[in-house]
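Undergrad: After the structure tokens below, expect a handful of questions from me.
What follows is the structure, given as structure tokens:
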């Protein structure tokens, strides 16, 4: 593994080389120093010689003196000149397989200054980890006190980098957070919050790590005051704007003659392949997401691998959740259906399949698919059996609601998969999985397929099957997307995903596109026809039969429907009839009495009679 430091200014060269040497020692890597010149004529990369190129004398002299201080390793010194230095440096990084790039910036200068333009461009495109240093007025000789301002884009990677520096260089790292005063418990609350953030990053207070809080409530003033007693302030790369603002506040509060503290930016590289413009755009959009180190990735794999296997535990929970969901759907109980969603284990293999795709892990993907296949088969079988065993006069609103999926469900499923994947990757968020499981709703559509099939309602069964297929595809893709953004990748880094992985992703993407056709049609149909969830609910079979038997005795009167209102209404039961003549008072009275007798309580009953309209001698 190699570390390379790029120096462009004589003023900061010494500090850059010293810090790069410390980082290389800490990582057990070799160190290369590159003196980069701007403009023309183009000078290809070459070892520094006694005869310096024109305009490079001072820079090479300072760099050579800094290199001569390094006694414990051999440090080659190179020089180059290019009008597009970023592109040339990236080429060097790829050829020499550089793992860590150190470069300088000066945040007191404008953004369009050459040194800052180069630094910003490499922060975006350099295919390696990066350490950006603004040495301020420091020469890099002091390194005993490192300040970590929490709350300013300080990710897990930056925290762990600081912890490694503290342990390997025997220096003090101070995680620092500015809280607000709200009472006597303010300091303790702020301190616990700080410790919790460190714990999430796998860091504990020690003789090197000394957390500190202040309750001033003035973030920038507190940071400037604290920086006076520090040798280096360490930020995440996403805090580049905050660093510039800090320099402004530093000058404002301390004056132009006060020595400026050194500032470092740390960036973790997750796209080790040659980035496309799409990859860079998505990386830039999601750069605020934390990245997972090796320990986090291993823990994540262990958690998902255990839950994504088809075993007796998975089978029992799958069967029980399906039975609960089926009975809840049959009795039209939303609460029971929600309970079944929480119990269902099917989410784990779907997330596991997304992780396996990103890793290129064939075995794990097959295990996840196997668990999904057996789980789906058992769910369909149980729901089909319950559909035949439990008598139903007609499908309940809960069943009908899952027979009309729309394209909106595709978006819900994708976001649910992303949310579930992120929650599993962050142990502190595991409590949110219950809510994600409810949002994803995997088992109820499966149960609806079996029940509707048993009842012979093919349209609802087909719609529920489309809904489940939509959820399955979108959740896997959503999980794969979020894990890729969290920095997870397989062993074939330089070549991307293996062929089977690319084909699988392509197949799932095409399937998602294909599903948009019926989902879009159903959405349009629903907008024309109305919502699938009915306004009224059916009455019991005994009440219905009693009403039909009495109406059958009345000549010229036909029974249409009897229903309860699903929302608050002045009428408890509504009976709808068709009649060729006015309905007698006796019939109305008898029907109201029958309903109250069957229900065994006093309810408000309304009887409505319709007369069928006829068309005579009409020409169209």
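Residue numbers (this note's numbering): 1 to 620.
For every residue, glycine included, the Cβ atom is placed at its ideal position computed from N, Cα and C.
#1: Measure the alpha-carbon distance for residue 65 versus residue 188 and round it to whole angstroms.
#2: What's the gap between the Cα of residue 474 and the Cα of residue 337?
#3: Any contact of the region 456-465 with the region 396-408, i.e. 3+ C-beta pairs under 8 Å?
#4: How would you label residue 107, buried or exposed, when you count the other beta carbons within 10 angstroms and need 16 or more for buried?
#5: Relative to the alpha-carbon of residue 342, which residue among 600, 324 and 351 has its alpha-carbon at the smallest distance?
#6: Report the three-state DSSP secondary structure of residue 46 (helix, strand or coil).
#7: Would you say residue 168 and residue 26 are within 7 Å of each other, going by their C-beta atoms?
#8: When the Cα of residue 80 is compared with those of 89, 72, 73 and 74, which residue comes out closest?
#9: Would you mind giving the Cβ-Cβ distance between residue 133 and residue 236, rounded to the nearest angstrom? I have them listed as a contact below 8 Å.
#10: Who are the Cβ neighbours of residue 349 in its own chain at under 6 Å, not counting the five residues just before and after it?
#11: Going by DSSP, what residue range makes up the beta strand (DSSP E) through residue 422?
#12: Express the C-alpha separation of residue 32 and residue 4 in angstroms, rounding to a whole number.
#13: Please state whether DSSP places residue 608 in a helix, a strand or coil.
#14: Can you find at least 3 beta carbon pairs, one from the region 92-103 and one from the region 206-223, that sit closer than 8 Å?
#15: Just how far apart, CA to CA, sit residue 492 and residue 390?
#16: Taking only runs of the alpha helix (DSSP H) that begin and end inside the region 439-490, which ones reach a length of at least 4 residues, in chain order?
#17: Excluding the five sequence neighbours on either side, which residues of its own chain have a C-beta within less than 8 Å of the C-beta of residue 160, listed in chain order?
#18: Is it a yes or a no for the region 359-368 touching the region 405-416, going by three-plus beta-carbon pairs under 8 Å?
#19: Strictly by DSSP, which residues pair up with residue 129?
#20: Helix, strand or coil, according to DSSP, for residue 136 in the structure here?
#21: Does DSSP put residue 216 in a helix, in a strand, or in coil?
#22: So, using beta-carbon positions, are residue 609 and residue 579 closer together than 7 Å?
#23: Find the nearest neighbour of residue 399 within the set 305, 463 and 417, judged by alpha-carbon distance.
#24: According to DSSP, is residue 28 part of a helix, a strand, or is it coil?
#25: Would residue 222 and residue 216 qualify as a contact pair, given that the criterion is a beta-carbon distance under 7 Å?
#26: Under 7 Å between the Cβ atoms of residue 598 and residue 546?
#27: Jot down the residue ranges of each uninterrupted beta strand (DSSP E) in the region 48-86, minimum 3 residues, whole runs only, in chain order.
#28: List the endpoints of the continuous alpha helix (DSSP H) containing residue 263.
#29: Can you tell which of 559, 484, 49 and 467 has its C-alpha closest to the C-alpha of residue 517?
#30: Taking just the CA atoms, how far does residue 330 sit from residue 544?
#31: Quick check on the DSSP output: the beta strand (DSSP E) that includes residue 596 runs from which residue to which?
#32: What is the rounded straight-line gap between the Cα of residue 15 and the Cα of residue 301?
#33: Please confirm whether residue 443 and residue 353 have their CB atoms less than 7 Å apart.
#34: Are residue 70 and residue 21 close, meaning C-beta to C-beta below 7 Å?
#35: Helix, strand or coil for residue 14? Go by DSSP, reduced to three states.
#36: Straight-line CA distance for residue 207 to residue 241?
TA: Let's see:
#1: Near 49 Å, if we compare the C-alpha coordinates of residue 188 and residue 65.
#2: 22 Å
#3: Of all C-beta pairs linking the region 456-465 to the region 396-408, three or more are shorter than 8 Å, placing the two stretches in contact.
#4: buried
#5: 324
#6: In the three-state reduction of the DSSP assignment, residue 46 falls in the strand class.
#7: yes
#8: Of the candidates 89, 72, 73 and 74, the one whose C-alpha sits nearest the C-alpha of residue 80 is 89.
#9: The Cβ separation is near 14 Å, so there is no contact.
#10: Take residue 349, set aside five residues on each side of it, and the residues of its chain with a beta-carbon closer than 6 Å to its own are 308, 368, 371 and 372, in chain order.
#11: Premise fails: residue 422 lies in the alpha helix (DSSP H), 407-425, not in any beta strand (DSSP E).
#12: Within the model, the alpha-carbon separation for residue 4 versus residue 32 is close to 5 Å.
#13: strand
#14: no
#15: Confidence at residue 492 is low in this model, with a pLDDT of 43, below 50, so its placement is unreliable and no value can be given for it.
#16: As far as the region 439-490 is concerned, its whole alpha helix (DSSP H) runs of at least 4 residues are 443-455 and 458-485.
#17: Counting only Cβ-Cβ distances below 8 Å, and skipping sequence neighbours, we find 201, 202, 203 and 293.
#18: no
#19: 100
#20: coil
#21: coil
#22: Between residue 609 and residue 579, the CB-CB gap stays under 7 Å.
#23: Per the C-alpha coordinates, the member of 305, 463 and 417 positioned closest to residue 399 is 463.
#24: Judged by DSSP in its simplified three-state form, residue 28 adopts coil rather than helix or strand.
#25: yes
#26: yes
#27: 77-82
#28: No alpha helix (DSSP H) holds residue 263; the beta strand (DSSP E) holding it covers 262-267.
#29: Of the candidates 559, 484, 49 and 467, the one whose C-alpha sits nearest the C-alpha of residue 517 is 467.
#30: Their Cα atoms are separated by approximately 18 Å.
#31: No beta strand (DSSP E) holds residue 596; the alpha helix (DSSP H) holding it covers 585-599.
#32: 41 Å
#33: no
#34: yes
#35: helix
#36: Looking at the backbone, the Cα of residue 207 and that of residue 241 are separated by about 32 Å.
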